[in-house]
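Reviewing the structure listed below.
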Amino acid sequence: MINSESEPSPEAQNQDAYDDLLTAIETSDDRLSLLIAVCDDPRQRQEIIQRYEADLSVSHPAYRVSMARSEPSLKLALQELMTTEPALRQGERAVITVLDIEQLSFWRGNEAKSQQDAFFGYLQWTREALREFRFPIVIWVTYQILNRLSRQSPDFWGWRKGVFRFASRTKAAIPAAEFTAIRDLTLDSNITDETLLPLADLETLIQQTAAQNPKSPLLASLYEQLGRVYNNRLDQGESADYPAEQAKAIEYFQKAIQLLEELEQPLDLANSLNNLAGLYESQGRYGEAEPLYLDALNIYRSQLGAEHPDTANSLNNLAGLYESQGRYGEAEPLYLDALNIRRSQLGAEHPDTANSLNDLAELYRAQGRYGEAEPLYLDALNIRRSQLGAEHPDTASSLNNLAVLYSSQGRYGEAEPLYLQALAIWMEKLGENHPNTQTVRGNFRGLLQQAAEAGRVAELSDHPTTQEILNQLEQDKKV
């Protein structure tokens, strides 16, 4: 069930964090005040900084310092600022913002310590000397740095006057569990699956590996994994710069393909071909995607056989591409072949079999073949409930898809509870702002609007979410 008194939205949380930060700055005159602000999105970070500098422009002149990679000492950076700003030496009110800490490298390479380690060390051992800086100092870090800061500079951490966390879809780092090749790049025993790895540092590591051995099989794996990392960020809405990260995903997949062809590793090559084809398909570049999918399919058939589950996956991918182009007649036999392989090789109750049932149902629904689509949707839903659980996101997908089918047929009373179930699952598992949650909410709103326009609201329940959206629709009509 959806709780109408849910947690505040990220926007509301960010406003609260901003208000708290502003208050902390205004009440920190004539004494050292270390204020740690956390945000992964560089553009959002700049907007917040510009906002508080403008809001405080009359009472607290603003100064900025950047953390130098060569000597990442907060004390040294502040001392250099003091030497160039007489007003600071005279003790006038001010707010100092510390930037570019996220540019410090996580990796030590051939050095005794990394730039981040040096930064944390300076914080830990020079904290007493910071007393001379009698100003509010806003230190901007990413979540990756925050996690390390509290552990590696505990004494400095104890001096903080506040931590102000700003939420954003963008992430500056990924968990090590998403980049398993890290184990082949470093012997650092402190890295766990939860360790956050900065993306910029991963790219640097790959460049160093390429310089040492440009034909290494490890390098091909690194290219492939980093391509997937960027592609996943695009899918999840976590990229800081969508066009730039899209280009990076393509670049790394292409590099993986080129190297794997030279190394004659066909199965890994087929995987990279599929991934690049999927990325092209998401951009509507169907002509570029199709030959890649076909090449991958031919490799799987020749290397694994016509009945292998990976061959079924490849058939499914190609069918999806044809469906996206309205080539339904070409898509259907591929979907059917994939379904038959999965049933025979994996079993009738396997989640991949449910995926095939769902995909074939989607194809039939797109053609208006509702009677053929419904039993497939129901079979997929039942498998997902039994194998994955009633609260699994894939179960929510099945609920949503079946609701869309019923909505298309004007079966509003049957569609409503399915949408509500799907919405509740995604709200709990993925959050209110996740694209999937927003999609099902939009679908549900469309259903209620259709029912209202058809004069069939009486068929709907008095569920609070239903009534809330109906009220919104009524208010929108009056505007």
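Numbering-wise (the working numbering), the sequence shown opens with residue 1240 and increments by one. All residues carry an ideal CB built from backbone N, CA and C; glycine is no exception.
Counting only runs that start and end within the region 1458-1522, where is the beta strand (DSSP E) found for 3 or more residues in a row?
-> Fully enclosed beta strand (DSSP E) runs of 3 or longer: not present.
Report back the beta-carbon spacing between Tyr1532 and Tyr1491 to the nearest angstrom; my notes put them in contact at under 8 Å.
-> Their Cβ separation, rounded to whole angstroms, is 19 Å, which puts Tyr1532 and Tyr1491 out of contact at 8 Å.
Let me know if Ser1296 comes out buried or exposed under the rule of 16 or more other beta-carbons within 10 Å of its beta-carbon.
-> For Ser1296, the number of other beta carbons within 10 angstroms of its own is below 16, and it is reported as exposed.
Sorted by chain position, which residues of the same chain lie with C-beta nearer than 8 Å to Gln1485's C-beta, five sequence neighbours on each side aside?
-> The answer, listed in chain order, is Tyr1469, Leu1473, Ser1478, Leu1518, Gln1522.
Ends of the beta strand (DSSP E) at Ser1305?
-> Boundaries of the beta strand (DSSP E) around Ser1305: 1301-1305.
Expected contact under 8 Å - CB spacing of Ala1570 and Leu1602 to nearest Å | That pair is a contact at about 6 Å.
For Asp1440, count neighbouring C-beta atoms within 10 Å of its own C-beta (all shown protein chains included) and say buried if the count is 16 or more, exposed if not.
-> By the 10 Å Cβ count, Asp1440 comes out buried.
Cα separation between Val1643 and Asn1682?
-> Each residue's alpha carbon lies about 7 Å from the other.
Using 8 Å as the threshold, is the region 1273-1282 in touch with the region 1376-1393, meaning 3 or more CB pairs across them?
-> By the criterion of at least three beta-carbon pairs nearer than 8 Å, the region 1273-1282 is in contact with the region 1376-1393.
Take Thr1592 and list the residues in its own chain whose beta-carbon comes closer than 8 Å to its own, dropping the five residues that flank it on each side.
-> Setting aside the 5 residues that flank it on each side, Thr1592 is surrounded in the same chain by Leu1578, Arg1581, Arg1582, Leu1585, Gly1586, Ile1622, each with a C-beta closer than 8 Å to its C-beta; the list follows chain order.
In whole angstroms, what separates the C-alpha of Glu1250 from that of Leu1499?
-> Glu1250 and Leu1499 have their C-alpha atoms roughly 45 Å apart.
Does the region 1320-1328 come close enough to the region 1345-1365 to have 3 or more Cβ pairs within less than 8 Å?
-> As far as the Cβ criterion goes, the region 1320-1328 does not touch the region 1345-1365, which means the pair count is below three.
Exposed or buried, which one is Pro1375 when buried takes at least 16 other CB atoms within 10 Å?
-> With 16 or more other Cβ atoms within 10 Å, it is buried.
Given Val1402, which residues of its chain have a CB within under 7 Å of its CB, disregarding the five upstream and five downstream residues?
-> Take Val1402, set aside five residues on each side of it, and the residues of its chain with a beta-carbon closer than 7 Å to its own are Ile1275, Val1277, in chain order.
Per the contact definition of three or more C-beta pairs closer than 8 Å, is the region 1250-1269 in contact with the region 1284-1295?
-> Under the three-pair Cβ rule at 8 Å, the region 1284-1295 counts as touching the region 1250-1269.
For Gly1526, name the three-state secondary structure that DSSP assigns.
-> Residue state, collapsed to three classes: helix.
How long is the line joining the alpha carbons of Gly1466 and Gln1475, rounded to whole angstroms?
-> The alpha-carbon separation between Gly1466 and Gln1475 amounts to approximately 14 Å.
Whole-angstrom distance between Asp1633 and Ala1509, CA atom to CA atom | Distance between the alpha carbons of Ala1509 and Asp1633 is about 26 Å.
Going along the chain, which residues of its own chain have a beta-carbon closer than 8 Å to the beta-carbon of Leu1502, five neighbours each way excluded?
-> If the five residues before and after Leu1502 are omitted, its C-beta is found closer than 8 Å to the C-beta atoms of Lys1454, Pro1456, Ala1459, all from its own chain and listed in chain order.
Cut-off 7 Å between Cβ atoms - residues of its own chain near Ala1495, not counting five sequence neighbours on either side = Non-local C-beta neighbours of Ala1495 in its own chain, meaning closer than 7 Å and more than five positions away in sequence, comprise Ala1459, Tyr1462, Glu1463, Gly1466, Ser1511, ordered along the chain.
How many angstroms separate the CA atom of Gln1254 from the CA atom of Phe1405?
-> Each residue's Cα considered, the two are about 9 Å apart.
Please determine, among Ala1535, Glu1286, Arg1370, Ala1368, the residue with the shortest C-alpha to C-alpha distance to Pro1505.
-> Here the closest residue by C-alpha is Ala1535.
Between Trp1396 and Ser1389, is the Cβ-Cβ spacing less than 9 Å?
-> Yes. Within cutoff.
Where does Gly1586 sit, in a helix, a strand or coil, going by DSSP?
-> Coil.
Where does Gly1681 sit, in a helix, a strand or coil, going by DSSP?
-> Helix at Gly1681.
Is Ser1637 buried or exposed, if buried means 16 or more other CB atoms sit within 10 Å of its CB?
-> So Ser1637 ends up on the buried side.
With DSSP run on the structure shown, which of helix, strand or coil describes Phe1403?
-> If DSSP states are grouped into helix, strand and coil, Phe1403 belongs with the strands.
Does DSSP put Pro1453 in a helix, in a strand, or in coil?
-> Three-state DSSP puts Pro1453 in coil, outside helix and strand.
Who pairs with Trp1379 in a beta bridge, going by DSSP?
-> When beta bridges are read from the DSSP output, Trp1379 appears opposite Ala1276.
Measure the alpha-carbon distance for Asn1556 versus Glu1350 and round it to whole angstroms.
-> Distance from the CA atom of Asn1556 to the CA atom of Glu1350, rounded to whole angstroms, is 46 Å.
Limits of the beta strand (DSSP E) - the one that Leu1338 falls within | First-last of the beta strand (DSSP E) with Leu1338: 1334-1338.
Where do the ends of the alpha helix (DSSP H) carrying Pro1325 lie?
-> It spans 1325-1328 - the alpha helix (DSSP H) in which Pro1325 sits, taken as one unbroken run.
Report all residues from its chain with a CB closer than 7 Å to the CB of Gln1283; omit the five preceding and five following residues, and keep chain order.
-> Result list for Gln1283: Phe1405, Ser1407, in chain order.
Measure the beta-carbon distance from Ala1528 to Leu1560 and round it to whole angstroms, keeping in mind my assumption that it falls under 8 Å.
-> Ala1528 to Leu1560, Cβ: 6 Å. Contact.
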